[in-house]
Every structure is written in C-alpha cells, then in structure tokens.
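Residue 228 in the numbering used here sits at position 226 of the sequence shown, with consecutive numbering throughout.
Ideal placement from N, C-alpha and C gives every residue a C-beta, glycine not left out.
Only a predicted model underlies this, so the values are computations on that prediction, with no experimental measurement involved.
Following: one structure in structure tokens, then a few remarks.
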Amino acid sequence: MNWDPGAASANKGKFYTLMRFLRIEQTLFSLPMAYLGAFVAIRGIPPIQTILLIFSALFFLRIAGMTNDNLADREIDAKNPRTRTRPLVTGAIKVWEAKALIIIGLAGFFISAYFVNIWAFVLSPIVALIVMTYPYMKRYTAFANYHLASIQGLAVFSGAVASAGLYYHSLYCVLKAVPWPFVIATIFWALGFDLYNHIPDAEFDKQMGLHSFAVLLGGFALKFAGLNQLASVILDFLADFMYNLGPIAYASTIAHGLIMAYAYFLANRGNFGSAFYYNIYSSIVLGLGIDIDVLLGIPKFF
3 MNWDPGAASA NKGKFYTLMR FLRIEQTLFS LPMAYLGAFV AIRGIPPIQT
53 ILLIFSALFF LRIAGMTNDN LADREIDAKN PRTRTRPLVT GAIKVWEAKA
103 LIIIGLAGFF ISAYFVNIWA FVLSPIVALI VMTYPYMKRY TAFANYHLAS
153 IQGLAVFSGA VASAGLYYHS LYCVLKAVPW PFVIATIFWA LGFDLYNHIP
203 DAEFDKQMGL HSFAVLLGGF ALKFAGLNQL ASVILDFLAD FMYNLGPIAY
253 ASTIAHGLIM AYAYFLANRG NFGSAFYYNI YSSIVLGLGI DIDVLLGIPK
303 FF
C-alpha cells in the first residue's frame with residue numbers, strides 16, 4: 003500500500019530526482035502505442051523524420067503534463083503518507099523549476115507538432131488542453147479516471163494524425179484514418195491501470211473530497227478495472243481483424259491480455275505496484291507487436 007511511482011529517494015542527485023519526478027519510464031509505454039497509431043493509419047512506415055518528431059512531441063508533452071500534475075497536487079501529495087517523498091513535496095524540485103519545465107515542455111510539444119504536419123499542429127492545442135486539465139478533474143468527478151485514460155488514447159490518436167496528415171489534405175480524411183478501435187481499447191486499458199494507483203488511496207481521497215472510481219465504487223473498483231481491461235482486449239482483437247493485421251498482431255494481443263490478467267491477479271492480492279508496472283509491459287508488447295506486424299507485412303489470417 004506504500005508504493006508510489008513518483009517517489010524519489012533522497013541524496014541520489016538532481017538527474018535521478020528529475021527522472022523520478024517526470025516518471026520518464028512511463029513515456030516508454032506510450033511510445034509504442036503512438037507508433038501503433040502511426041503505422042496502422044497508413045498501413046506502413048512513416049518517414050524517419052516523422053518517427054523522430056512523434057517521439058519528440060510525446061517526450062515534451064510528457065514533461066509538461068507530468069510536471070503540471072505534480073504541481074497541481076503538491077499540497078495534496080504532502081498530506082498523503084504514500085506520496086510525501088515526491089520531489090516537489092520534499093523541495094528537491096522547486097516550484098519555479100516545475101513552472102519552467104511546463105513552459106519548456108509545451109514549447110517543445112508545439113514546435114514538434116508544427117514540424118510534423120499542418121493537422122498535427124492544428125489539433126495540438128486540443129491535445130495539450132486535455133493533458134493539462136487532467137489533475138483538476140478529480141476535484142469534481144470520478145470520470146477523471148477516464149480523463150487520464152483518454153490521454154493514453156491520445157498517444158494512438160496523435161501518432162495516426164502524424165502519419166496520415168502527410169498523405170491527406172482534409173481533416174476529415176485524417177480523422178477517418180485514425181484507428182479508433184485501438185484508441186478506445188487503449189482508453190479502457192489505461193482506466194484499469196490508473197485505478198491501481200487510486201485504489202490504495204481511496205480512503206484518503208474520500209477524506210480530501212477527491213473523486214475517483216475507487217471512491218465511488220468501493221470494493222467493486224478492482225472488478226471495474228478488470229472489466230475495462232477485458233473490454234480493451236476484445237476491442238484490440240476486433241481492431242486486428244478490422245485492419246487486416248497478421249499473426250504477430252494477434253499473438254501480441256494475446257500476450258497483452260495475459261500480462262494484464264496477471265497484473266489483475268497481483269492487484270487482487272494487494273500488490274498494486276507490480277500490477278501497475280506489468281501494465282506498462284503489456285502496452286509495450288502490444289504496441290511493438292503490431293508495429294512489427296505492419297513493418298514485416300506477414301500474410302494475414304483472414
């Protein structure tokens with residue numbers, strides 16, 4: 003119950019503290035999903051410049067979003083025994099440094115989007131708005147969990163816009179090229195692992211007047227997380243079929259589901275920290291598997 007992905011040990015240096023503050027490893031599980039969107043949208047591999055710009059945009063938006071999340075929750079985190087060692091709480095990261103990181107992150111994101119294509123740039127303020135408003139939603143509604151999950155879905159969406167925008171001149175055609183079943187499946191998957199963060203804090207959140215499905219559903223919250231992730235696997239299989247993907251995509255979807263099932267087993271035993279990180283592994287397996295499937299173009303099943 004004391005696990006915290008944002009905790010940072012003292013006396014380990016500024017670089018280590020900054021990486022823990024940004025939870026930089028979590029960028030890694032979004033990146034394969036962004037490339038999934040990019041590859042499936044055009045049924046091929048976008049130019050290397052676009053591949054690099056997708057990474058750049060995701061990296062900088064991650065900096066802005068995670069810093070904003072920490073800044074918005076600084077006073078709450080200071081009161082929660084589980085989160086008291088976060089760098090912004092302990093003072094290892096200063097408030098002015100956090101504000102500077104937000105400016106750098108947003109600037110880097112918008113610049114990256116500008117160089118991707120016109121539609122990525124046009125849509126970038128909407129993406130940034132969704133990311134930057136997340137930490138305030140839990141003050142008002144349990145659907146903040148879906149808000150966070152939608153940010154993971156945006157990785158797939160944004161990757162698709164980045165590649166499709168190179169080939170289509172109308173926004174309608176670009177949006178039509180987005181693999182929406184994968185976007186929605188990612189949202190359901192992310193809702194599940196986000197609850198692994200909130201269930202241990204349910205009583206604290208209730209006392210603080212914060213909202214989540216962990217507070218709203220009580221003992222049913224874990225089952226709700228599992229049902230969402232089951233729905234995500236079903237949608238992933240449907241998307242594999244709809245987009246005429248091959249055996250590697252199906253195998254990675256199966257592995258994705260099995261890893262999530264094991265994560266659910268761990269969460270059911272109270273090991274929410276390991277459950278959270280196994281979900282990271284599951285997204286990497288799914289994203290890379292589908293990316294490789296598109297790259298190799300292996301003959302399809304159906």
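Item                                                                                                    : Value
Given aspartate 238 as reference, the closest of Ala253, Gly167 and Lys225 once Cα atoms are compared   : Ala253
Beta-carbon spacing of alanine 223, leucine 240 below 7 Å                                               : no
Sub-7 Å separation of valine 158 and alanine 166 beta-carbons                                           : no
Ordered list of alpha helix (DSSP H) runs contained in the region 202-259, each at least 4 residues     : 204-210, 215-219 and 223-244
Contact set for methionine 3: own chain, Cβ-Cβ below 6 Å, skip 5 residues either direction              : Per-residue confidence for methionine 3 stands at a pLDDT of 47, beneath the threshold of 50, marking its modelled position as unreliable; the derived number appears in the next sentence. Cβ within range, chain order: Pro202.
Range of the contiguous alpha helix (DSSP H) that encloses isoleucine 26                                : Neither: isoleucine 26 is in no alpha helix (DSSP H) and is coded neither H nor E.
Proximity to glycine 194 [Cα-Cα], best of Leu108, Ile65 and Ala269                                      : Ala269
Residue environment, lysine 140, which counts as buried when at least 16 other CB atoms sit within 10 Å : buried
Cβ-Cβ distance between tryptophan 98 and valine 163 below 7 Å                                           : no
Contact set for phenylalanine 112: own chain, Cβ-Cβ below 7 Å, skip 5 residues either direction         : Ser126
Separation of leucine 55 from isoleucine 292, as counted between CA atoms                               : 20 Å
Backbone secondary structure at methionine 3 - three-state DSSP                                         : Confidence is the limiting factor: at methionine 3 the pLDDT is only 47, short of 50, which leaves the residue's position unreliable and the question unanswerable from this model.
Residue span of the alpha helix (DSSP H) that contains threonine 135, given as start and end            : 120-139
Cα-Cα separation, tyrosine 264 to tyrosine 279                                                          : 11 Å
Same chain, Cβ closer than 6 Å to alanine 66, five either side skipped, listed in chain order           : Ile104, Gly107 and Leu108
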